[in-house]
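In the working numbering, the protein residues as written are -1 to 110.
Heads up, the beta-carbon is just placed ideally off N, CA and C, and yes, glycines get one too.
Remember, it's a predicted structure, so these values are computed and weren't measured experimentally.
To keep things clear, I will list the structure first and then write my remarks on it.
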């Protein structure tokens, strides 16, 4: 098992914050969410054993469930409910970013 130094944990903490910022910016420029999830996957093993590991999982799940909800909303545009689904996904996405950031700011892990 690899020992995580305070410096390494601080770096992972900074990356966690960067991904929350990228997710927030993606509300206006969607591609930044993709950059964030790539960071999550590339650095996930380094976050293992820290409070930030749960944030990485939270951010990854947020990304993929948002993609899934957006696709479902897009498909259901045909019957007219797609916009409602997109609106719900948008609000849920904002909630996930805010809740994640608040736990990050308090030094708390995310629920599994």
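Next on the checklist: Measuring only the C-alpha atoms, how far is residue 28 from residue 13?
Outcome noted: 19 Å
Review point. Cα separation between residue 91 and residue 33?
Key: 16 Å
Note to self: Would you call the region 14 to 28 in contact with the region 99 to 107, where contact means no fewer than 3 C-beta pairs closer than 8 Å?
What the structure shows: yes
Please list the terminal residues of the continuous alpha helix (DSSP H) segment that includes residue 54. 50 to 73
Notebook entry, point to check: Under a Cβ-count criterion, where at least 16 other Cβ atoms within 10 Å of its own Cβ denotes burial, should residue 50 be classed as buried or exposed?
Noted result: buried
At the level of alpha carbons, what is the spacing between residue 55 and residue 76? 33 Å
Expressed to the nearest angstrom, what Euclidean distance is found between the alpha-carbon atoms of residue 1 and residue 85? 44 Å
- Do residue 72 and residue 80 come within 8 Å of each other at the CB atom, strictly closer than that value? yes
Is the beta carbon of residue 68 sitting closer than 8 Å to the one on residue 87?
yes
ask   = Under the three-state reduction of DSSP, which class applies to residue 32: helix, strand or coil?
value = helix
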